[in-house]
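Some notes on the structure that comes next.
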Amino acid sequence: MTISRNARFLLATLLGIGLAFIYIPLTVVVINSFNSSRTFSWPPTELTTKWWGMALDNTGVRDALKWSIIAGLSATFIALLLGTALAFAVSRYDFFGKDVISLLVVLPISLPGVVTGIALNNAFTKQLGMSTGLLTVVIGHATFCIVVVYNNAVARLRRMGTSLQEASMDLGANGITTFRLITLPNMASALFAGGLLAFGLSFDEIVVTTFTAGPGIQTLPIWIYNNLFRPNQTPIVNVVAATLVFISIVPIYLSQKLSTDSSSGGRF
Amino acid sequence: MSAAVVVSIRSLKRSFGDVRAVDGVDLDIREGEFLTLLGPSGSGKTTVLRMIAGFEKPDSGTITLAGKDVSQLPPYERDVNTVFQDYALFPHMNVLANIEYGLRVKGVSKEDRRKQALIALKQIRLEGYENRKPAELSGGQRQRVALARALVNKPSVLLLDEPLGALDLKLREQMQIELKALQREVGITFIFVTHDQEEALTMSDRIAVFNHGKIEQLGTPREIYENPKSEFVSEFVGQTNRIEIDGKKINIRPEYIAVSSSSSTGDRSVKGTLRDEIFVGSATRYLFDTEAGFSMISTQLNKNLKIGDVVTLSWPREKEFLVQ
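Protein chains in written order, with UniProt numbering: chain A, 1 to 268; chain B, 1 to 324.
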């Protein structure tokens, strides 16, 4: 496709503005986490790592980081198990209501977090009589983490086709051996990418977390939200925010790289 | 040939929804023979192969393998191996691991299976390629690895599902010869599925011609070509002129029709005018309108004819055949 010079210029400008809107504020946050001025005068006159040191020493931050990692890993683990199983059921077997199930699994990612959060909170506390805590956060996060694992797994299974499994069984391997030696190794990169995305989603989630966490647990995003308007905490908030940005970028980058790298190695 | 029957198929049926893919097939396959299931796509040949392998279960009928009814057994409990159309090599394993796979899952010791895999690798002339991944091989090499991966298990029957379909013409012709030689060497029964009639005629000991889920004719390549039992077989295998003489419908292959400018040279003859010619390299197909009203094709070494030339077409009567 060829586009005229003017159109190209216009598109480049719009792209630039769009990217600037997203990334300039993020960059400011990251730079400010090193800004030595307590009032964050701009541009920074001097850079320092003292806020980072303070954040590391802050027990509130350390606890929040711990809870975020535990919740993220647990939700990812559940999502990997259930998402893979669902992907298998939907792409390898025919059963009544298959399309509906496939839609229902994917739906939570597009549902408003507020609705999911309130509904889950209601179900946990009113219907099931559970108290909110780590378990409810993990279940809440798993609802949308499953989606990315499921989507990745379904796409990979579709591309793999059934002939590798047939070849394995033809050569004498039963279903379990075939899964272990053939199917799983060929899905591993897709599942790893899905797991990374799931962890990234869980790590910076705030809405569902608010409704499912209860008073005992603070994840990093909730800690930021609670401390945002306390002026003396602002330097640490910047540090935590910068950390969140980095931790969220890495999984996305890796999973994108994995998906493109493995796209050529599927079938023959 | 009176070798023992190794695969015996009786009243085999299989439907997919409303489509009767396989509609009552009976077939005995002898030990050590090269049998081809030939037919257009959708004729049921591949479904029969997949039922022998165990990937599909028959709706009714039986498949007996070396005297044992295997109709309901899963693929991994049958002593057959398959070469797939897309090869289905395991992309995450190197060539050697691919070939060893069958022995590995059967619990053969590491040393033994390595030794056998290396012999198989030598057989397909790919020594030195053991550490390559399938993605690093050419189409022909993948094909050979797929063959070795199946044959190393020494199955009593090897199933081949259009294995040459993805190769270019030159390589395909070369592989046809190699495959036939390999089959003679290992002495294993080959059941070969193809829609390519030339391939079937070249390689097979016997051919089963499939149409609409049934076997239309079973016989040696020569029987199938020279004495087709039905209109479908005569059309599908080679070209044929279907004409009516003295109220009788007869068929005659184009290569038996001689063209001469003077008198006739066979015991049947008719005058014809050249309407068109199709050059196919080694020969030319000439299309004539005859004075009897029908048109005829004659395949000849390239002749010096011009459109509109009037000639005599003649052929020996014994080469004619009747079909139902």
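The beta-carbon is built from N, C-alpha and C at its ideal position, and this holds for glycine as well. Please read all numbers here as calculations on a predicted model, not as lab measurements.
Item, Value
"Proximity of residue 209(B) and residue 186(B) at Cβ, strictly below 8 Å", "no"
"Under 8 Å between C-beta atoms of residue 143(A) and residue 112(A)", "no"
"CA nearest to the CA of residue 165(B), picked from 298(B), 244(B) and 194(B)", "194(B)"
"Nearest candidate by alpha-carbon position, reference residue 32(B), set 214(B), 184(B), 66(B) and 215(B)", "184(B)"
"Extent of the continuous beta strand (DSSP E) to which residue 20(B) belongs", "19 to 30"
"Neighbourhood of residue 125(A) by C-beta distance below 7 Å, restricted to the same chain and skipping five residues each side", "132"
"Chain B contacts made by the segment 174 to 189 of chain A, where a contact means CB separation under 7 Å", "174, 177, 182, 185 and 186"
"Residue 374(B): first and last residue of the uninterrupted alpha helix (DSSP H) it sits in", "Residue coverage of chain B in this structure runs from 1 to 324, which leaves residue 374(B) outside it and unanswerable."
"Nearest-angstrom Cα separation, counted from residue 161(A) out to residue 302(B)", "48 Å"
"Residue 92(B) at chain A interface by Cβ criterion, 8 Å", "yes"
"Proximity test, Cβ basis, 8 Å: residue 190(B) and chain A", "no"
"Contacts of residue 163(A) in chain B (Cβ-Cβ under 7 Å)", "84, 86 and 88"
"Residue 213(B) beta carbon less than 8 Å from that of residue 80(B)", "no"
"Cβ shell of residue 195(A) (< 8 Å), same chain only, five flanking positions each side left out", "76, 79, 80 and 149"
"Assigned exposure category for residue 167(A) - 16 Cβ within 10 Å defines buried", "buried"
"Contacts of residue 74(B) in chain A (Cβ-Cβ under 9 Å)", "169, 174 and 175"
"Own chain, CB closer than 7 Å to residue 39(B), minus 5 neighbours either side, in chain order", "45, 195, 209, 210 and 211"
"Proximity of residue 330(B) and residue 271(B) at Cβ, strictly below 8 Å", "In the structure as shown, chain B begins at 1 and stops at 324. Residue 330(B) is therefore absent and cannot be evaluated."
"Same chain, Cβ closer than 8 Å to residue 237(A), five either side skipped, listed in chain order", "224, 227 and 228"
"Helix, strand or coil at residue 169(A) according to DSSP, with G and I counted as helix", "helix"
"Proximity test, Cβ basis, 8 Å: residue 101(B) and chain A", "yes"
"Opening and closing residue of the beta strand (DSSP E) in which residue 321(B) lies", "From DSSP, residue 321(B) is part of no beta strand (DSSP E); its letter is neither H nor E."
"Segment contact, 8 Å Cβ cut-off, at least three pairs: the segment 81 to 88 of chain A with the segment 64 to 71 of chain A", "no"
"DSSP state of residue 81(B) mapped onto helix, strand, coil", "strand"
"8 Å Cβ cutoff, residue 81(B) in contact with chain A", "yes"
"Nearest-angstrom Cα separation, counted from residue 250(B) out to residue 225(B)", "15 Å"
"8 Å Cβ cut-off: residues of chain E touching residue 45(B)", "This model lacks chain E altogether; the protein chains it does include are A and B."
"Own chain, CB closer than 8 Å to residue 106(A), minus 5 neighbours either side, in chain order", "147, 150 and 151"
"The segment 149 to 156 of chain B / the segment 97 to 104 of chain B touching (three or more Cβ pairs under 8 Å)", "yes"
"Sub-8 Å separation of residue 13(B) and residue 69(B) beta-carbons", "no"
"Residue burial classification, residue 98(B) (beta-carbon count within 10 angstroms, cutoff 16)", "buried"
"Residue-level contact to chain A via CB, residue 120(B), 8 Å cutoff", "no"
"DSSP beta-bridge partners of residue 296(B)", "288(B)"
"Rounded separation between residue 93(B) and residue 178(A) - CA only", "14 Å"
"Residues of its chain near residue 244(A), where Cβ-Cβ distance is below 8 Å and the 5 sequence neighbours each way are ignored", "203, 204, 220, 221 and 224"
"For residue 306(B): DSSP bridge partner residues", "Its beta-bridge partners do not exist; DSSP assigns none."
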